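Enquirer: Using this note's numbering, the first residue of the sequence shown is number 64, and each one after it goes up by one.
A virtual CB, placed ideally from N, CA and C, is assigned to each residue, including glycine.
For clarity, every value in this text was computed on a predicted model and none was experimentally measured.
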Amino acid sequence: DRIRFPVVVDPEDTRVNQAWLGFSPVLGLELRAGRQRIKLDDDRFVGNVGWRQNEQTYDGGSLRWTRDRLDLFYSYVGHVNRIFDSEVPAGDHSHDTHLLNASYTLAKSHKLTGYLYRIEDEDQQNLSNLTIGARYSGSARPDGERALHWLLEFANQGDSGANPVDYDANYYHANAGFDLHPWFKPRIGFERLEGSRRAGAAFRTPLATLHAFNGWADRFLSTPDRGLDDFYAGFGGGQGRLGWNLVWHRFSNETGSSSLGDEFDASLSIKLHPTTSALIKLAHVAEQDNRITGVSKFWFMLSFALPD
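1) Would you report the Cα separation of Asp-247 and Ala-239, rounded to the nearest angstrom?
2) Which residues in the same chain have their Cβ closer than 6 Å to the Cβ of Asp-64, if we skip the five residues on either side of it in sequence?
3) Which same chain residues end up closer than 6 Å to Ala-203 when comparing Cβ atoms and leaving out the 5 residues on each side of it in sequence?
4) Using the Cβ count rule (16 or more neighbours within 10 Å means buried), how would you classify Lys-174?
5) When the Cα of Tyr-178 is compared with those of Glu-257, Phe-217 and Ala-232, which residue comes out closest?
6) Tell me whether His-156 is buried or exposed, calling it buried when 16 or more other Cβ atoms sit within 10 Å of its Cβ.
7) Quick one: give me the first and last residue of the beta strand (DSSP E) that Glu-32 is part of.
8) When you compare only the Cα positions, how much space is there between Ile-182 and Glu-257?
9) I need the straight-line Cα distance from Pro-287 to Trp-213, nearest angstrom please.
10) To test your reading of the DSSP string, which unbroken beta strand (DSSP E) runs of 3 or more residues are found completely within the region 99–162?
11) Quick one: what's got a C-beta closer than 8 Å to Tyr-341's C-beta in the same chain, skipping five residues either side?
12) For the beta strand (DSSP E) holding Arg-313, just list the boundary residues, first then last.
13) Rounded to a whole number of angstroms, what is the C-alpha to C-alpha distance between Thr-160 and Gly-91?
14) Go ahead and label Ala-232 buried or exposed: buried means 16 or more other beta carbons lie within 10 angstroms of its beta carbon, across all protein chains shown.
15) Expressed to the nearest angstrom, what Euclidean distance is found between the alpha-carbon atoms of Leu-215 and Leu-169?
16) Beta strand (DSSP E) containing Val-348: first to last residue?
17) Kindly indicate which three-state DSSP category Asp-64 falls into: helix, strand or coil?
18) When you compare only the Cα positions, how much space is there between Gln-351 and Glu-118?
19) For Leu-284, which residues in the same chain have their Cβ closer than 7 Å to its Cβ, ignoring the five residues on either side in sequence?
20) Can you give me the Cβ contacts of Pro-88 inside the same chain, cut-off strictly under 8 Å, excluding the 5 residues immediately before and after it?
21) Which partner residues does Tyr-234 have in the DSSP bridge list?
22) So, for Phe-136: in the same chain, excluding its five sequence neighbours on each side, which residues have a beta-carbon less than 6 Å away from its beta-carbon?
23) Take the Cβ of Gly-110 as the centre, count every other Cβ of all protein chains shown within 10 Å, and call the residue buried at 16 or more, exposed below.
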């Protein structure tokens, strides 16, 4: 019922997910050409949108070189196979995109990463941008057992190519977590995507696995023009065959600080068999002063994998 209920964007579609040729001329160097999956860091800027029925994959060439503590990745992307059917306007996009990501492991649990992504979307030019950023992730065990984790990240983005909007925006992300027990791992974080009062002049991540960020209700798949602040806290964990995750978000505009509401997300997974697992997932946005529309989403998923 298209009138009473929201649209589920996953289409009925069958396609080749990956088809690539690989070559490793020397130890530590891998070359690929063809349709491939690309996941960089935590998928915040470039990912495969693995949550959807159809994965997001990339047609082009890539190079990965690893040596000692250095990991260097480059890809030229000529086409992005998005989660939508290729026959619809929001479907696959032609690109002239360059992705560069380099990371260096400073110590066993400390990594420094720098990246440059020049996204040239020839089918939706307002998504074209140049992003340059860096991130530092680390962990430590203050008492020798329980692990403390943290992440600090900053990026700057501006328009690129034929993007009709001239803009400059920053991105900030910081979070920390403490593994107190296998079943109780609290965490807290803050993410900011800068915006302005002009249409289209906000920090964008068009190739990201967007469902994993800013709430599972998917209200912010496109950054609001006034930007987005996301303060979040929660905990995850597991015991035996069970795993769980609870997260609370408080959203507001970066420019003007207007409230965009609160969201509560929860998930429970269970390993039914070595090759079978089940997932229950919930996202709830509370209605607020007739300005924020309440949203509730529920998922049940069964996953099967072929044995090794």
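Expert: In brief:
1) A small fix is needed here, since residue 247 is Phe in this sequence, not Asp. In a straight line, the C-alpha of Phe-247 is about 14 Å away from that of Ala-239.
2) With a pLDDT of 47 at Asp-64, under the threshold of 50, the modelled position of this residue cannot be trusted; read the value that follows with caution. So the list is empty, once near-sequence residues are dropped.
3) Leu-211
4) buried
5) Phe-217
6) buried
7) No answer is possible for residue 32: it lies beyond the span of the chain, which begins at 64 and ends at 371.
8) 18 Å
9) 27 Å
10) 120–130 and 133–144
11) The residue asked about is misnamed: residue 341 is Ala in this sequence, not Tyr. Correct list, in chain order: Ser-332, Ile-333, Leu-335, Phe-363, Met-364, Leu-365 and Ser-366.
12) 305–315
13) 24 Å
14) buried
15) 15 Å
16) 339–348
17) Because the pLDDT at Asp-64 is just 47, under 50, the model does not fix this residue reliably, and the value given afterwards should be weighed accordingly. Asp-64: coil per DSSP, three-state reduction.
18) 34 Å
19) Leu-273
20) Leu-94
21) Ala-218 and Leu-256
22) Arg-127 and Asn-164
23) buried
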